[in-house]
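>
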Amino acid sequence: MTVIDSPPEEITVAPEAPTKGTNDLARRVGSWVVAYLGALAVFGAFMALKGVNPFVAYRDMFDSTLMNSASLSEVLIKAAPFLLAALAVAVPARGGLVNLGGEGQIVMGGIAAAGVALGLEGKVASGLVMVAMLVGAMVAGALWAALAGVLRVGAGINEAISTLLLNYIAIDVLLYLISGPWKDSAGFGQLASKPLADETRLPTFGSDGRIHLGVFIAMAAAVGIWLLLRSTSWGFQLRVAGGNGEAARRAGLPVAKLLLSGLITGGAMAGLAGAIHFAGVEGQLRPGMTFGFGYIGFLASWLAGHHPIRIAGAALLLGAIAVAGDSLQIDAGLPAASVNVLMAFVLFAVLGKKPRLAGASR
Amino acid sequence: MSIATLEPSADRTKQSPSIIEVRGLTKRFGDLVATGDVDFDVRSGEVHSLLGENGAGKSTLMKLLYGVYQPDAGEILVDGVVHRLDSPADARALGIGMVFQDLRLIPAFTVAENIALSLPGGGFRYRRQAVERQILDAGAELGFSVDPKALVRHLSIGERQRVEILKVLMSGARLVILDEPTSVLAPQEVDGLFTAIRSLRAKGLAVVIITHKLHETRAIADRLSILRAGRMVGSGIDPTTVDDRALISAMVGREVPPLPVERSDPPADRPAALRVTGVHVRGDGGNTALHDIHLEVKAGEVMGVAGVAGSGQRELYEAVLGLRPLHTGDIHIAAVEMAKSDPGAALALGAVGIPEDPISDAVVPGLDVTEHLALSNLSSLRKGLGIDWARARELVAELDRQIGLRMVAHDRTVADLSGGNVQRVMLTRAFGVDCTLLVAAYPSRGLDVATTRRTQELLLAQREAGAGVLFISEDLDELMELSDQIAVLHNGHLAGVVTPGEVDRYAIGQLMLGGSE
Numbered sequence: 019m020t021v022i023d024s025p026p027e028e029i030t031v032a033p034e035a036p037t038k039g040t041n042d043l044a045r046r047v048g049s050w051v052v053a054y055l056g057a058l059a060v061f062g063a064f065m066a067l068k069g070v071n072p073f074v075a076y077r078d079m080f081d082s083t084l085m086n087s088a089s090l091s092e093v094l095i096k097a098a099p100f101l102l103a104a105l106a107v108a109v110p111a112r113g114g115l116v117n118l119g120g121e122g123q124i125v126m127g128g129i130a131a132a133g134v135a136l137g138l139e140g141k142v143a144s145g146l147v148m149v150a151m152l153v154g155a156m157v158a159g160a161l162w163a164a165l166a167g168v169l170r171v172g173a174g175i176n177e178a179i180s181t182l183l184l185n186y187i188a189i190d191v192l193l194y195l196i197s198g199p200w201k202d203s204a205g206f207g208q209l210a211s212k213p214l215a216d217e218t219r220l221p222t223f224g225s226d227g228r229i230h231l232g233v234f235i236a237m238a239a240a241v242g243i244w245l246l247l248r249s250t251s252w253g254f255q256l257r258v259a260g261g262n263g264e265a266a267r268r269a270g271l272p273v274a275k276l277l278l279s280g281l282i283t284g285g286a287m288a289g290l291a292g293a294i295h296f297a298g299v300e301g302q303l304r305p306g307m308t309f310g311f312g313y314i315g316f317l318a319s320w321l322a323g324h325h326p327i328r329i330a331g332a333a334l335l336l337g338a339i340a341v342a343g344d345s346l347q348i349d350a351g352l353p354a355a356s357v358n359v360l361m362a363f364v365l366f367a368v369l370g371k372k373p374r375l376a377g378a379s380r
Numbered sequence: 048m049s050i051a052t053l054e055p056s057a058d059r060t061k062q063s064p065s066i067i068e069v070r071g072l073t074k075r076f077g078d079l080v081a082t083g084d085v086d087f088d089v090r091s092g093e094v095h096s097l098l099g100e101n102g103a104g105k106s107t108l109m110k111l112l113y114g115v116y117q118p119d120a121g122e123i124l125v126d127g128v129v130h131r132l133d134s135p136a137d138a139r140a141l142g143i144g145m146v147f148q149d150l151r152l153i154p155a156f157t158v159a160e161n162i163a164l165s166l167p168g169g170g171f172r173y174r175r176q177a178v179e180r181q182i183l184d185a186g187a188e189l190g191f192s193v194d195p196k197a198l199v200r201h202l203s204i205g206e207r208q209r210v211e212i213l214k215v216l217m218s219g220a221r222l223v224i225l226d227e228p229t230s231v232l233a234p235q236e237v238d239g240l241f242t243a244i245r246s247l248r249a250k251g252l253a254v255v256i257i258t259h260k261l262h263e264t265r266a267i268a269d270r271l272s273i274l275r276a277g278r279m280v281g282s283g284i285d286p287t288t289v290d291d292r293a294l295i296s297a298m299v300g301r302e303v304p305p306l307p308v309e310r311s312d313p314p315a316d317r318p319a320a321l322r323v324t325g326v327h328v329r330g331d332g333g334n335t336a337l338h339d340i341h342l343e344v345k346a347g348e349v350m351g352v353a354g355v356a357g358s359g360q361r362e363l364y365e366a367v368l369g370l371r372p373l374h375t376g377d378i379h380i381a382a383v384e385m386a387k388s389d390p391g392a393a394l395a396l397g398a399v400g401i402p403e404d405p406i407s408d409a410v411v412p413g414l415d416v417t418e419h420l421a422l423s424n425l426s427s428l429r430k431g432l433g434i435d436w437a438r439a440r441e442l443v444a445e446l447d448r449q450i451g452l453r454m455v456a457h458d459r460t461v462a463d464l465s466g467g468n469v470q471r472v473m474l475t476r477a478f479g480v481d482c483t484l485l486v487a488a489y490p491s492r493g494l495d496v497a498t499t500r501r502t503q504e505l506l507l508a509q510r511e512a513g514a515g516v517l518f519i520s521e522d523l524d525e526l527m528e529l530s531d532q533i534a535v536l537h538n539g540h541l542a543g544v545v546t547p548g549e550v551d552r553y554a555i556g557q558l559m560l561g562g563s564e
């Protein structure tokens, strides 16, 4: 440290305009409300075009999701894998990486959980099987993401492309397994793996016995990732690497390792999503079992500015929209996929409101 | 002394009419008054020097005259008539031309093509031969030799500057504004520029030259004006009536203490803090950017690095700090060879850098001052898996006090700060680390005079503390003042190592331009 005399008096702090006030709470809340109402209005127009009264449809959607405990449980169960899939996007995003491979990492997680169950069921205690399923799924998701990570730091191949392409491979692996080696012989020709034994399914809670352990695992993961990013030296370094890779390199940070570890951590979260969906809801592998979770998670992470706690809120919102989609189909006669249109409008509205830089928020 | 005693000059241009005159010109950016109530005039047939520190408002004033900005108050008179200048096109139509500091020529185009782009009434067709003849004629008239067929990327910076001036003149300018034109030139090129400016003056044109170098003002200017913190503190002064001290205190608002002249000689038997042996380095384009460089910086020595912009300074900085792989040769820091180019390894050996371009190479969006400084102290701030931010804040407060460069509030986001305040953060960070080798690239860029002086003191303090200092600068005066020796780069070659006391600036300029010692 250089110390010479006392600092000279004549050096003054250079004038600096105050930061533009984005902290005005009322305006911030206002702009959120406008964004969401805008998305609802556009989707309402879409429904009106299809001959559905949007006011009635929105009331039905609201009633069917939030007004009874059974559908509230349903929202939580839907939201849990969304939340984990979104964390799979948020962690790499801190390092400036775009993980479009949540879908494939979820599938690999599901496959690993199924594989563990096939190998261990009946041989060890069911609690142990469950733990092994969860851990195995995290490892599988992490490895699947690590493939793209190694390609990125080793050969400079864009991770957005490679993770996306790995999705298709993962789905093909799933199809191969359930139509070949792991095919359920008692499945009446349906492509599916052997169902999980009841005692190795994730335990459930609540009055209707539908909320499974995975919901709590997902919430704990969100808090854990939040702490990891916010309070550890690793999280800080990842943020530096994502904010300005050259600055990180010049500060002597191990940039390649940081990016790789960010992608691996994300992949583990996606793998976990695959495991809880497999062991908590589906009980067997089947084609399309995770259809779109990875992409909805991507949406949730961007909606929430890649902030783990806000992601939990976004996942709940998207979970509610997904459940409402059922009512849309039943009550309004629109295809269930119409809710994807609503989700897209919400995303556009929020992204249009304020473009967020990856890794910019703390 | 107070500026009120600086009298407007009664010089030979007094009879000439003003081409341009401004009254009460004010421009605000938010709360910041960039220029406040400025009066200023330029007459035909004069060279008018506009002096001021970085951030004094010189460029803002000139951009107001050139129509880039519009004033919040005040008026601009051209040939005695009030005009609104809504765009540079308006200014050019009135005969006002500007040559920016960052030259705006297209490197892949020829001189003629570049000039044709800005000629008025060019129409759709490019009449190559006509334009080329015009350029030769205009060049001959002004005593410039310019080859219209030459590709701009083959020209030196000085030649490019002359093309810019020619371009401005050929599009009909009677008043040429030159924004810090000498900052990128070798002394010989400065002489060439001044010869060109004198021939413009002889033709009855007016030239405004923005600068903060007094000896250049004295060499060329008929009158001078001084801006300080957006206010005109002296307007239209005859340079022969004031001395340098008065000018500096007018620019700075107080007297600036001189650097200590007495310095300990670096003992000859000191170990080398940096030894560069036979280093070849490739540039970004795959070309060889450094050729067979041999250089030794002893502990307790300041080795200046001079050279025309783009002579290999950036590549040298990056090679020494392990940021750019060596093609051949090796680099020792404190007698330890850097096994491979790795910034972490260079840091571990005690090599610290002050980057040339902090925004792209050191500033992380969203991070505040404390976080930027913590980044270079992560190992000492570790607390379990986390970072001891409370201690980081204390450390930064302590550093700011000791280094004395007065950073902005430590919770401000660095990416939002102005260049000068960003630079203070970079400097405080670099000076706050114990180092064996300090590699400083243009450390005083964007700083005011007092802060520059403090920065120079801090560089010398590192030298006293026994660090080797590799000091890259484009300001020969600063290099001569601070360096024990100066290594001169020309086109990626080490053209020579000279001792400031033994040679003059022209000898260094000769080396910068590729001549022999």
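In order, the protein sequences belong to chains A and B.
Using this note's numbering, the final residue of the first sequence is 380, and nothing's skipped along the way.
Using this note's numbering, the final residue of the second sequence is 564, and nothing's skipped along the way.
For each residue, glycine too, the CB sits at the ideal point set by N, CA and C.
#1: Quick one: which chain A residues come within Cβ less than 7 Å of alanine 409(B)?
#2: Return the CA-CA distance between leucine 220(A) and tyrosine 194(A), expressed in angstroms with no decimal places.
#3: Can you have a look at glycine 186(B) and say buried or exposed, based on whether 16 or more other CB atoms are within 10 angstroms of its CB?
#4: Please report how far the alpha carbon of leucine 375(A) lies from the alpha carbon of aspartate 463(B), in whole angstroms.
#5: Taking the DSSP output, what are the residues bridged to glutamine 532(B)?
#6: Can you give me, in chain order, the residues of the stretch 133-154 of chain A that have a beta carbon less than 8 Å from any beta carbon in chain B?
#7: Given this structure, state the Cα-to-Cα distance separating alanine 444(B) from threonine 475(B), to the nearest angstrom.
#8: For arginine 77(A), tell me which candidate among Leu360(A), Phe363(A), Asp349(A) has the shortest Cα-Cα distance.
#9: On a Cα-Cα basis, can you pick out the residue from Gly104(B), Glu188(B), Glu343(B), Ala508(B) that is closest to isoleucine 244(B)?
#10: Would you call threonine 375(B) buried or exposed, if buried means 16 or more other Cβ atoms sit within 10 Å of its Cβ?
#11: Could you please tell me which residues of the stretch 310-338 of chain B, in chain order, have their CB closer than 8 Å to any CB of chain A?
#12: Sort Ser49(A), Val364(A), Ala215(A), Pro99(A) by Cα distance to isoleucine 229(A) and report the nearest one.
#13: Does arginine 275(B) pass the burial test, meaning 16 or more other C-beta atoms within 10 Å, or should it be called exposed?
#14: Could you spell out the range, first to last residue, of the alpha helix (DSSP H) harbouring methionine 279(B)?
#15: Output needed for threonine 335(B): all residues of its chain with C-beta closer than 8 Å, excluding positions within five of it in sequence on either side, in chain order.
#16: Quick one: which residues of the stretch 234-252 of chain A get their C-beta closer than 8 Å to a C-beta of chain B? List them in chain order.
#17: Does the distance from the CB of alanine 320(B) to the CB of alanine 353(B) come in under 8 Å?
#18: Quick check: is the beta carbon of valine 178(B) nearer than 8 Å to any beta carbon in chain A?
#19: For isoleucine 224(B), is the classification buried or exposed, using 16 other Cβ atoms within 10 angstroms of its Cβ as the cut-off for buried?
#20: Does valine 359(A) come out as helix, strand or coil in the three-state DSSP assignment?
#21: Quick one: what's got a C-beta closer than 7 Å to threonine 83(A)'s C-beta in the same chain, skipping five residues either side?
#22: Show which residues of chain B have a CB atom less than 9 Å away from the CB atom of valine 31(A).
#23: Can you tell me whether DSSP reads glutamate 343(B) as helix, strand or coil?
#24: Can you find at least 3 beta carbon pairs, one from the stretch 285-296 of chain B and one from the stretch 131-140 of chain B, that sit closer than 8 Å?
#25: Could you compute how far the alpha carbon of alanine 108(A) sits from the alpha carbon of tyrosine 186(A)?
#26: Threonine 107(B) versus chain A: which residues are under 7 Å apart at the beta carbon?
#27: Let's see if you can read the secondary structure: which residues bound the beta strand (DSSP E) around valine 255(B)?
#28: What's the call for phenylalanine 73(A), buried or exposed, on a 16-neighbour Cβ count within 10 Å?
#29: Return no unless some Cβ of chain A is closer than 8 Å to the Cβ of isoleucine 50(B).
#30: Determine, using beta-carbon pairs with one atom in the stretch 248-260 of chain A and one in the stretch 276-289 of chain A, whether at least three such pairs fall under 8 Å.
#31: Starting from the C-beta of glycine 369(B), find all residues in its chain whose C-beta is less than 7 Å away, skip the five residues before and the five after it, and write them out in chain order.
#32: Ignoring anything shorter than 4 residues or poking outside the stretch 300-353 of chain A, list the alpha helix (DSSP H) runs there in chain order.
#33: Residues bridged to lysine 430(B) by DSSP?
#34: Using only alpha-carbon positions, find the residue among Arg310(B), Thr258(B), Asp316(B) that is nearest to leucine 294(B).
#35: Helix, strand or coil: which one does DSSP assign to lysine 212(A)?
#36: Look at the Cβ atom of methionine 473(B), then the Cβ atom of alanine 534(B), and state whether they are nearer than 8 Å.
The relevant details are as follows:
#1: Ala265, Arg268
#2: Taken atom to atom, the span from the alpha-carbon of leucine 220(A) to that of tyrosine 194(A) is near 26 Å.
#3: Buried, by the Cβ-count rule.
#4: With a pLDDT of 40 at leucine 375(A), under the threshold of 50, the modelled position of this residue cannot be trusted, and the question is left open.
#5: Met350(B)
#6: none
#7: 11 Å
#8: Asp349(A)
#9: With distances taken between Cα atoms, isoleucine 244(B) lies closest to Glu188(B).
#10: With fewer than 16 other Cβ atoms within 10 Å, it is exposed.
#11: none
#12: Pro99(A)
#13: Counting Cβ neighbours within 10 Å, arginine 275(B) comes out buried, since at least 16 surround it.
#14: Going by DSSP, methionine 279(B) is part of no alpha helix (DSSP H) but of the beta strand (DSSP E) stretching over 278-284.
#15: The beta carbon of threonine 335(B) is closer than 8 Å to those of His327, Val328, Arg329, His374, Gly539 in its chain, skipping five residues each way along the sequence.
#16: Ser249, Thr250, Ser251, Trp252
#17: Result no, Cβ atoms of alanine 320(B) and alanine 353(B) do not sit closer than 8 Å.
#18: no
#19: The residue in question, isoleucine 224(B), is buried, as its Cβ has 16 or more Cβ neighbours within 10 Å.
#20: helix
#21: Ser89, Val93, Ala338, Val341, Ala342
#22: Arg453, Met454, Val455, Ala456, Asn468, Arg471
#23: strand
#24: A contact between stretches requires three or more CB pairs, one per stretch, nearer than 8 Å, and the stretch 285-296 of chain B fails this requirement with the stretch 131-140 of chain B.
#25: 22 Å
#26: Chain A residues near threonine 107(B): none, gap ~14 Å exceeds 7 Å.
#27: 253-258
#28: exposed
#29: Residue placement at isoleucine 50(B) is poorly supported in this model, since its pLDDT is 37, which falls under 50; the coordinates are not used for a value here.
#30: yes
#31: Met385, Ser388, Asp389, Pro390, Ala392, Ala393
#32: 311-321, 326-349
#33: Beta-bridge analysis with DSSP links lysine 430(B) to Gly433(B).
#34: Thr258(B)
#35: coil
#36: No. Outside cutoff.
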